Amino acid sequence: MSVGVVIPAAGQGKRMGSKVSKPFLLLDGQPILVHTLRLFETHPQVDEIILVTKKEEIRGTEEMLRPYGFAKVKAIVEGGRERQESVYMGLQRCQSDWVLIHDAVRPFVTHEALDCLIREVKATKAAILAVPVKDTIKQINSDSWVTSTPARSELVSVQTPQGFSRDLIVQAHQKALEDPNWATDDSMLIEQMGFPVKVVEGEYNNIKITTPEDLVLAEKIWEIRRVEV
Ligand code: CTP
Ligand code: MG
4 MSVGVVIPAA
14 GQGKRMGSKV
24 SKPFLLLDGQ
34 PILVHTLRLF
44 ETHPQVDEII
54 LVTKKEEIRG
64 TEEMLRPYGF
74 AKVKAIVEGG
84 RERQESVYMG
94 LQRCQSDWVL
104 IHDAVRPFVT
114 HEALDCLIRE
124 VKATKAAILA
134 VPVKDTIKQI
144 NSDSWVTSTP
154 ARSELVSVQT
164 PQGFSRDLIV
174 QAHQKALEDP
184 NWATDDSMLI
194 EQMGFPVKVV
204 EGEYNNIKIT
214 TPEDLVLAEK
224 IWEIRRVEV
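Quick note on the working numbering: the sequence shown kicks off at 4 and runs consecutively.
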């Protein structure tokens with residue numbers, strides 16, 4: 004039973020505010036996207052990778068990636084305006100029985116975390132990486148008044164990859180097309196179907212590079228990793 008990875012990289016990077024698209028920003032001299040792809044290219048259980056970029060960046064991405072020879076990258080496809088649309092476009096090209104969906108801008112997920120996640124996905128059909136929240140989280144209303152404080156012990160901060168059986172996640176995406184609200188992660192679409200999703204404990208270093216200060220943090224995490232290896 005094969006494992007595929009869909010990597011959405013077609014975002015606008017509004018919160019980063021850089022001229023260069025976020026996945027192409029450099030981390031230790033190489034594009035963030037290259038670091039992310041390398042993690043999956045070198046993972047023994049991964050069979051295929053479908054990359055999703057903006058239409059106007061497909062050609063440039065192909066050229067940029069050529070010297071790296073990532074043999075598992077089977078297709079680079081055009082994304083949509085929302086992340087959910089980009090993921091759906093990638094899913095349509097994915098042929099594997101199991102699919103991991105992973106943000107292009109999370110270059111620090113480890114092979115150990117992937118091993119645990121894949122094991123759980125195969126057992127449950129839907130599993131996601133997450134870490135316990137460190138801060139107390141408040142629910143607020145539109146006027147910034149606190150409405151409640153959920154128990155911290157029951158909260159986790161969700162990451163990617165999120166893994167599913169392909170049939171299940173394709174069905175969830177198709178169903179969600181009828182809904183006017185966009186989901187911020189793929190698990191939400193499965194939850195909306197009433198299907199149980201299992202949480203696998205991830206690592207705090209698996210950050211999503213979102214704002215300029217995340218890039219500074221990313222360089223630090225990279226340095227620490229290099230010393231550890
Ligand atoms: N993404 C995508 N297609 C979109 C929106 C997002 O493929 N229409 C991808 C991004 O490229 C990124 C991942 O989804 O790899 C997570 O999204 P996020 O960190 O929010 O990136 P952006 O949407 O690019 O950033 P912002 O929300 O600040 O504009
Ligand atoms: Mg976004």
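Every residue, glycine too, gets a C-beta built ideally from N, C-alpha and C.
In this text the structure is predicted, and so the values were computed from the model without any measurement.
- Contact between the stretch 154-163 and the stretch 126-144 is present, with at least three C-beta pairs closer than 8 Å.
- For the ligand CTP, a non-hydrogen atom lies closer than 7 Å to the CB of Met19.
- The three-state reading of DSSP puts Ile52 in strand, counting E and B together.
- Distance from Asp100 to Ser190 at the Cβ level is roughly 19 Å; contact not present, criterion being Cβ atoms closer than 8 Å.
- Approximately 36 Å separates the beta-carbon atoms of Pro26 and Val149; this is outside 8 Å, ruling out the contact.
- Proximity to Gln177 across Thr39, Pro164, Gln165, Met196 peaks at Met196, based on C-alpha coordinates.
- For Glu204, the three-state secondary structure derived from DSSP is strand.
- With 16 or more other Cβ atoms from the protein chains shown falling within 10 Å of its own Cβ, Ile35 counts as buried.
- At least one heavy atom of the ligand CTP sits closer than 7 Å to the Cβ of Pro26.
- Secondary structure of Val108 (DSSP, three-state): coil.
- Annotation for Ala78: Ile53, Arg96 place their beta carbon closer than 6 Å to its own, counting only its chain and skipping 5 residues before and after.
- Using a 10 angstroms sphere on the CB of Tyr207, the tally of other CB atoms stays under 16, which defines it as exposed.
- Judged by DSSP secondary structure, Ser151 falls within the beta strand (DSSP E) whose first and last residues are 149-151.
- In the three-state reduction of the DSSP assignment, Ser156 falls in the helix class, which pools H, G and I.
- The bridge partners DSSP lists for Pro199 come to none.
- Secondary structure note for Lys178: its alpha helix (DSSP H) is the uninterrupted segment 169-179.
- Closest in C-alpha terms to Arg229, from the list Leu30, Gly16, Ala13, Lys17, comes Leu30.
- About 5 Å separates the beta carbons of Pro11 and Val90, which is inside the 8 Å limit, making them a contact pair.
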